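Peer 1: Can you read through this structure? Questions will come right after.
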Amino acid sequence: MSEIINIVIRVDANSALGTGHFGRAAAVYDALSVYEDLQVTLLVDQASVPYISGYFPEGTKYVVLSDTCSSAQLAIVQLGDQGMHPDVIYMDHYGQVSDWESACNAADIPLVVFDDLEEANDASIVFRSIPSAVSKSNAALVYEGPTFIPISKRGAQPERPLDADVPRPLRVNVCFGGSDPTGETLKLFEVLHSIEGIAFDVVIGPGNKMTEGQEAKFNRSQHIQCHRAPSQEKLTQLLNDADFALGAGGVMQWERLYLGVPSLVITVAKNQEPQINWMDKQGLLHLIGDHETVSPNDVRDAICAYRDDHTARSKIAKKGMALVDGRGAIRIGAGIRSLALSVRPVEMADARNLLDWRTHEFNWKFNFSTADKPEYDFHVDWLATKLVEPECMYIIIEQGGVPVSVVRFDVTPNGDSARLSIYLVPDQHGKKLGLAVYMAAEHVLRAKYPSVKGVFSYIHVTNFASQRLHTDAGFALSPSKEKDIMLDANRYFNAF
2 MSEIINIVIR VDANSALGTG HFGRAAAVYD ALSVYEDLQV TLLVDQASVP YISGYFPEGT
62 KYVVLSDTCS SAQLAIVQLG DQGMHPDVIY MDHYGQVSDW ESACNAADIP LVVFDDLEEA
122 NDASIVFRSI PSAVSKSNAA LVYEGPTFIP ISKRGAQPER PLDADVPRPL RVNVCFGGSD
182 PTGETLKLFE VLHSIEGIAF DVVIGPGNKM TEGQEAKFNR SQHIQCHRAP SQEKLTQLLN
242 DADFALGAGG VMQWERLYLG VPSLVITVAK NQEPQINWMD KQGLLHLIGD HETVSPNDVR
302 DAICAYRDDH TARSKIAKKG MALVDGRGAI RIGAGIRSLA LSVRPVEMAD ARNLLDWRTH
362 EFNWKFNFST ADKPEYDFHV DWLATKLVEP ECMYIIIEQG GVPVSVVRFD VTPNGDSARL
422 SIYLVPDQHG KKLGLAVYMA AEHVLRAKYP SVKGVFSYIH VTNFASQRLH TDAGFALSPS
482 KEKDIMLDAN RYFNAF
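Residue numbers (my numbering): 2 to 497.
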């Protein structure tokens, strides 16, 4: 593997597909930017190029697929012809997963897939927004649930007056995605115009084909204001100002949940139905119906009912903010980065290094014991015992043969959970590798001990870096019942 790790993101955006995939990929791109040794390149079709500047930073590198690249195998050849040799490929794209799995396996390139439609069957890592209906994937590692949704960078969750009466007029954010391919916004003009007691912010995405004349028609209503292709910052402000939202069931619905904006939803594509139906069953939104069957009266009734039911709005807002923590992109980025790491078992020959690393001031200061640092002979005896314990998985994480971290999992007697011990090699501090290291280690644990369903750990109350790592990894933290200086950390795999 090269010194610079090359990541390729396969993603598209266009008037038919919409821009949701770009929004998610941009969040992952941003999460990958914290790693100084990565170079990230987008792989897109020609129709996607005009949308890049609206979602990705200036100077983002991209490769446009040629018309002759009708398969993933040919696309990889094209990348090679342009001097691009991916170390990992991440894809967020419908209908091409099987082709890319075959091509990446043939080229020995790890593949990470964000898999809305349960298409992935043979990738290195699969991320899904909701639990799989049928567990059919042969992927080495599958992560499921809303904690893995890559939310666009929108800042911290706002403080919302969820339990207080909101003065009228209420503000409603109306947005049917970046392109609104079925023209839902225009269909709603008469409905929005006729409803009193609400101020509507109508968002017109960059791919929306609404004309200036049609937009002016909306703006002639005093309680309707249009916002054409707002910046990410402006869109965040509009959502934060909203008491509830009306829109489609795409990527933005997850962002509304994260920001605590309860939603009325009209599905506009078949691929939205699985996640929207799941959210509806979980009480995370109010589903009006499919765009082909929903009538103007259905929309009007739903808006008026939501306007008058503060309790229902508050309940959904609280649920959404608790479920979607906004760290999904960080987790996906770390999962991608973890594939550039290697894992090997600890050996007796590592004894001196293990003792030196563990007792280095960066790591030892968070030790729970007040005892002195162990003598070398004592440490050797202890290590010899650990290496023959069948329930102990003791590993060193490396990059390019250089040790990065030491991880130990001690599986409990009943075999359903494992205690985690993790620390970085001292000269690796500050490189932001903690989460990637943990994910690489969890990958090995779950393969070796499939009966293990979760991991627990203990954290020193002043070890804020470890607290951040555990939170980013999806652990729930709570005060320890054993010692005041400890926090208990628990993570359950695919809890949904």
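Glycine residues also receive a C-beta, built at the ideal position from the N, C-alpha and C atoms.
Predicted model only: the values in this text are computed from it and were never measured.
Helix, strand or coil for residue 442 per DSSP?
Peer 2: In this structure, residue 442 counts as helix in the three-state DSSP scheme.
Peer 1: Residues in the same chain with beta-carbon distance under 7 Å from residue 18, minus the five sequence neighbours each way, listed in chain order, please.
Peer 2: Closer than 7 Å at Cβ, skipping near neighbours: no residue.
Peer 1: Since residue 237 is in the alpha helix (DSSP H), which residue starts that stretch and which ends it?
Peer 2: 233–242 is the extent of the alpha helix (DSSP H) around residue 237.
Peer 1: Look at the alpha carbon of residue 453 and the alpha carbon of residue 151, and state the distance between them as a whole number of angstroms.
Peer 2: Cα-Cα distance, rounded: 26 Å.
Peer 1: Excluding the 5 residues preceding and the 5 following residue 36 in the sequence, name in chain order all residues of the same chain whose CB lies nearer than 7 Å to its CB.
Peer 2: Correct list, in chain order: 338 and 433.
Peer 1: Tell me, please, which residues DSSP counts as bridged to residue 174.
Peer 2: BP columns for residue 174 point to 202 and 246.
Peer 1: If you pair each beta-carbon of the region 288–307 with each one of the region 51–65, do three or more pairs fall below 8 Å?
Peer 2: The answer is no - the region 51–65 does not touch the region 288–307, with fewer than three Cβ pairs under 8 Å.
Peer 1: Nearest to residue 409 by alpha carbon, out of 329, 359, 401 and 373?
Peer 2: For residue 409, the nearest C-alpha among the options comes from 359.
Peer 1: Does the separation of the CB atoms of residue 202 and residue 239 fall below 9 Å?
Peer 2: Result yes, Cβ atoms of residue 202 and residue 239 sit closer than 9 Å.
Peer 1: In whole angstroms, what is the alpha-carbon distance linking residue 357 and residue 428?
Peer 2: For residue 357 and residue 428, the distance between alpha carbons rounds to 12 Å.
Peer 1: Report yes or no: do three or more beta-carbon pairs, one from the region 410–417 and one from the region 436–453, lie closer than 8 Å?
Peer 2: Cβ pair count under 8 Å is three or more, so yes.
Peer 1: Determine the DSSP secondary structure at residue 129, reduced to helix, strand or coil.
Peer 2: Strand at residue 129.
Peer 1: When the Cα atoms are used, what is the spatial distance from residue 144 to residue 211?
Peer 2: The straight-line gap from Cα to Cα measures roughly 38 Å.
Peer 1: Over what stretch of residues does the beta strand (DSSP E) that includes residue 145 continue unbroken?
Peer 2: 142–145 is the span of the beta strand (DSSP E), which, as asked, contains residue 145.
Peer 1: State yes or no: is the C-beta of residue 266 within less than 9 Å of the C-beta of residue 318?
Peer 2: In this structure, residue 318 does not lie closer than 9 Å to residue 266 by Cβ.
Peer 1: Locate the alpha helix (DSSP H) running through residue 452, then write down its first and last residues.
Peer 2: It is not in any alpha helix (DSSP H) - residue 452 carries neither H nor E in the DSSP assignment.
Peer 1: Give every residue of the same chain whose Cβ lies closer than 6 Å to the Cβ of residue 252, excluding the five residues on either side of it in the sequence, and list them in chain order.
Peer 2: Taken in chain order, the residues that qualify are 21, 24 and 25.
Peer 1: For residue 463, count neighbouring Cβ atoms within 10 angstroms of its own Cβ and tell me buried if that reaches 16, exposed if not.
Peer 2: The residue in question, residue 463, is exposed, as its Cβ has fewer than 16 Cβ neighbours within 10 Å.
Peer 1: Where do the ends of the alpha helix (DSSP H) carrying residue 36 lie?
Peer 2: It is not in any alpha helix (DSSP H) - residue 36 carries neither H nor E in the DSSP assignment.
Peer 1: Can you name, in chain order, every residue of its own chain whose Cβ lies under 8 Å from the Cβ of residue 192, other than the five neighbours on each side?
Peer 2: Excluding residues within five positions, the ones whose Cβ falls inside 8 Å are 297, 300, 301 and 304.
Peer 1: Throw me the rounded Cβ distance for the residue 245 and residue 222 pair, which I believe falls under 8 Å.
Peer 2: The Cβ separation is near 19 Å, so there is no contact.
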